[in-house]
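Heads up: the sequence shown is residues 23 to 424, going by the numbering used here.
Data first, discussion second: the structure below is written as structure tokens.
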Amino acid sequence: MKTAIIISAVLLLSSGAVHSQYLTVRGSVPMTPRQDVAVAGTNAFAVGANSVAVVSFENSQLPEIVGQVAPGVGTISAIAVRGDYAYCAGQSSGIVVIDISDFEAPDWVRNVQAAAPIVDVAVGDTFLAAATTLNITLFGLSDPDQPHLLATYGRAANQLAIDASARRIHCAGTTGAFVVSWTVNQGTVTISAFDEFGSNEYESVSLGGTYANFGQGLQFSALNRTTYSLAGQYGASGQINTISSGSNYSIIGTASGSIEYLRQNSATPQFASGAQVSGSVNGLAISSNEQFVLAATSSGLTLLVNSPLGVEDRPVVPSNYKLTAYPNPFNAATTISWSSELHHDANLVVYDLLGREVRSVPVLPGATGMALDFSAFSAGTYWVKLQSHVQTTEPLKVLYLP
């Protein structure tokens with residue numbers, strides 16, 4: 023019999039009392055499709071076609087539009103905020119500069135042209151980096167309302183993240199993930215190659231802790247930030263459109279509307295929590311206190327609460343009880359196995375992507391596996407745990423594709 027019980031702890035296990043995060047949708051603001059979002063204080067800046075909307079979430083129960091401006095351009099694909107100004111990727115319109123000193127009356131300032139259409143922007147200190155269909159362009163912001171060109175690097179990218187303290191720009195390139203650095207010599211700025219990884223196209227990038235995190239299709243790849251060697255990977259439930267990272271975690275948004283919270287306390291990213299929103303997730307931003315997550319979607323803007331949950335002390339799970347599934351992905355049923363016989367009663371428990379228990383099947387002592395039929399469920403990602411009164415396994419991700 024299926025149940026739908028919201029569990030009070032995310033799927034995080036350890037040998038002692040720990041804390042994880044739990045994502046829950048708090049509210050949303052319907053709008054025309056939003057492509058990206060940036061956050062400053064309790065205001066979010068969501069961009070779409072010829073539109074920059076300022077959404078206040080000071081009252082997190084009721085986020086609302088407090089100001090907006092139509093700067094007279096077509097597609098705006100990305101936004102970055104610094105101080106009193108927002109810098110938008112205006113495609114063939116260049117960098118669109120918006121004065122946001124008055125949240126209720128944001129005002130277009132100017133467009134700054136580049137050599138090719140601008141698809142993404144990022145700010146760090148007094149620098150603005152732009153990804154174009156032709157190159158990486160670096161601007162100075164000594165005069166914040168008028169970015170001035172410093173240098174270019176001839177390689178295209180879909181998205182970028184700037185580390186101003188190290189003077190590096192990490193890029194999700196059309197021919198691989200790569201990082202460039204810039205130097206200043208007697209007033210002349212030069213951008214040069216620093217490192218790279220792979221040769222396939224990457225769509226998204228975000229910096230968090232010691233990792234540069236990249237999205238490519240369903241695959242999330244964490245690279246060591248200094249060596250650009252692969253640290254670990256994670257398979258998302260849908261096409262990864264966007265990533266936003268904190269010091270030891272990343273949040274990914276997919277084309278299917280799922281938002282997934284990944285712990286990055288170790289090399290291999292671990293799923294901790296998930297939420298589902300309306301529409302494709304095109305951009306993510308985390309508030310400075312890390313309490314809120316803003317999602318720009320094809321349906322507007324969604325506000326999520328990023329809240330810690332305590333997990334009870336649990337014994338260390340023996341490695342011989344770690345789960346495997348075959349086949350996985352599967353179209354009807356899969357067999358969940360573990361290598362050692364159980365010595366006590368247990369339950370094989372299935373959770374959906376939102377952390378809801380959807381099935382619990384008793385397992386008798388002596389068993390080393392069990393077939394699970396998913397034909398009554400909707401297609402998608404599920405998590406399976408073997409749990410009893412003495413121990414609980416790490417969750418196993420399975421993918422049902424009828």
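The C-beta atom is built at its ideal place from N, Cα and C for all residues, glycine as well.
Which residues does DSSP pair with residue i in a beta bridge?
i: Gly105; result: Note: Gly105 sits in no beta bridge, so no partner.
i: His192; result: Ala183 and Val201
i: Arg48; result: Bridge partners of Arg48: none, in fact.
i: Lys407; result: Val371
i: Asp142; result: Ala153
i: Met392; result: Ile358
i: Tyr250; result: Its beta-bridge partners do not exist; DSSP assigns none.
i: Lys419; result: Trp405
i: Asn207; result: Thr210
Are the Cβ atoms of residue i and residue j separated by less than 7 Å?
i: Val59; j: Ala71; result: no
i: Gln261; j: Ala277; result: yes
i: Phe79; j: Leu325; result: yes
i: Asn270; j: Asn287; result: yes
i: Phe216; j: Val201; result: yes
i: Pro85; j: Val51; result: yes
i: Ala178; j: Thr155; result: yes
i: Ala368; j: Val385; result: yes
i: Leu345; j: Trp360; result: yes
i: Ser164; j: Thr174; result: no
i: Asp167; j: Val131; result: yes
i: Ala294; j: Val47; result: no
i: Val303; j: Ala289; result: no
i: Ala355; j: Ala393; result: yes
i: Ser115; j: Gln181; result: no
i: Ala389; j: Val61; result: no
Provide the residue span of the beta strand (DSSP E) that contains residue i, from first to last.
i: Trp130; result: Asp129 to Val134
i: Leu171; result: His170 to Tyr175
i: Gly230; result: Ser226 to Gly230
i: Phe396; result: It is not in any beta strand (DSSP E) - Phe396 carries neither H nor E in the DSSP assignment.
i: Ile184; result: Ala179 to Asp185
i: Glu223; result: No beta strand (DSSP E) contains Glu223, which DSSP labels as neither H nor E.
i: Leu316; result: Phe314 to Thr319
i: Gln57; result: Arg56 to Ala62
i: Pro291; result: No beta strand (DSSP E) holds Pro291; DSSP gives it neither H nor E.
i: Ala68; result: Asn65 to Gly70
i: Asn263; result: Ile262 to Ser267
i: Asn304; result: Val303 to Ile308
i: Ile158; result: Ile158 to Gly162
i: Asn81; result: Unbroken run through Asn81: none, as it is neither H nor E.
i: Ala347; result: Thr346 to Tyr348
Give the single residue among the options whose Cα lies nearest to the Cα of residue i.
i: Ser382; options: Ala393, Gly388 and Leu370; result: Leu370
i: Gly305; options: Met53, Tyr44, Gln57 and Gly49; result: Gln57
i: Val118; options: Gln135, Tyr256 and Ala153; result: Gln135
i: Leu423; options: Pro384, Phe352, Ser362 and Trp405; result: Phe352
i: Thr212; options: Phe219, Ala294, Ile158 and Arg48; result: Ile158
i: Ser221; options: Ala234, Thr210, Thr196 and Ser228; result: Thr196
i: Pro138; options: Gln168, Gly105 and Gly176; result: Checking the sequence, you will find Ala at residue 138 rather than Pro. For the residues Gln168, Gly105 and Gly176, the minimum Cα distance to Ala138 belongs to Gly176.
i: Asn5; options: Gly268, Ala188, Val77 and Pro387; result: No answer is possible for residue 5: it lies beyond the span of the chain, which begins at 23 and ends at 424.
i: Phe224; options: Thr64, Lys407, Gly254 and Ile265; result: Residue identity differs from the one stated: residue 224 is Tyr in this sequence, not Phe. The candidate whose alpha carbon is nearest that of Tyr224 is Ile265.
i: Thr64; options: Lys407, Leu323, Ser309 and Pro387; result: Ser309
i: Val95; options: Tyr107, Gln113, Ser82 and Asp106; result: Gln113
i: Val141; options: Gly402, Ala194, Asp121 and Trp130; result: Ala194
i: Glu218; options: Ser123, Gly388 and Tyr250; result: Tyr250
i: Ser82; options: Val315, Val227, Gly146 and His170; result: Val315
i: Thr319; options: Gly198, Asp121, Ser115 and Asn263; result: Asn263
i: Ser187; options: Gly391, Val145, Ala127 and Glu312; result: Val145
For residue i, which residues of its own chain have a beta-carbon under 6 Å away from its beta-carbon, when the five flanking residues on both sides are left out?
i: Tyr348; result: Thr357
i: Ser321; result: Ser300 and Gly301
i: Val143; result: Ala100, Ala102, Tyr109, Ala111 and Ala152
i: Ser410; result: His366 and Ala368
i: Gln292; result: Arg285
i: Gly49; result: Pro85 and Leu325
i: Leu421; result: Pro351 and Thr403
i: Leu364; result: Pro387 and Ala389
Going along the chain, which residues of its own chain have a beta-carbon closer than 8 Å to the beta-carbon of residue i, five neighbours each way excluded?
i: Ile29; result: Any reading at Ile29 is ruled out, since the residue's pLDDT is 27, under 50, leaving its predicted position unreliable.
i: Leu469; result: Given that the chain is displayed from residue 23 to residue 424, the structure contains no residue 469 and the question cannot be resolved.
Ignore the nearest five residues each way along the sequence and tell me which others in residue i's own chain have a CB closer than 7 Å to its CB.
i: Ser341; result: With a pLDDT of 43 at Ser341, under the threshold of 50, the modelled position of that residue is not reliable, and the figure given next carries that caveat. No residues qualify anywhere along the chain.
i: Ala258; result: Leu240, Phe242, Ile274, Thr276 and Glu282
i: Ala75; result: Met53, Ala68, Ile87 and Gln90
i: Trp204; result: Leu160, Ala173, Arg189, Val211, Thr212 and Ile213
Quick check: does the Cβ of residue i come within less than 6 Å of any heavy atom belonging to the ligand PLP?
i: Gly402; result: You won't find the ligand PLP in this model; it holds no ligand whatsoever.
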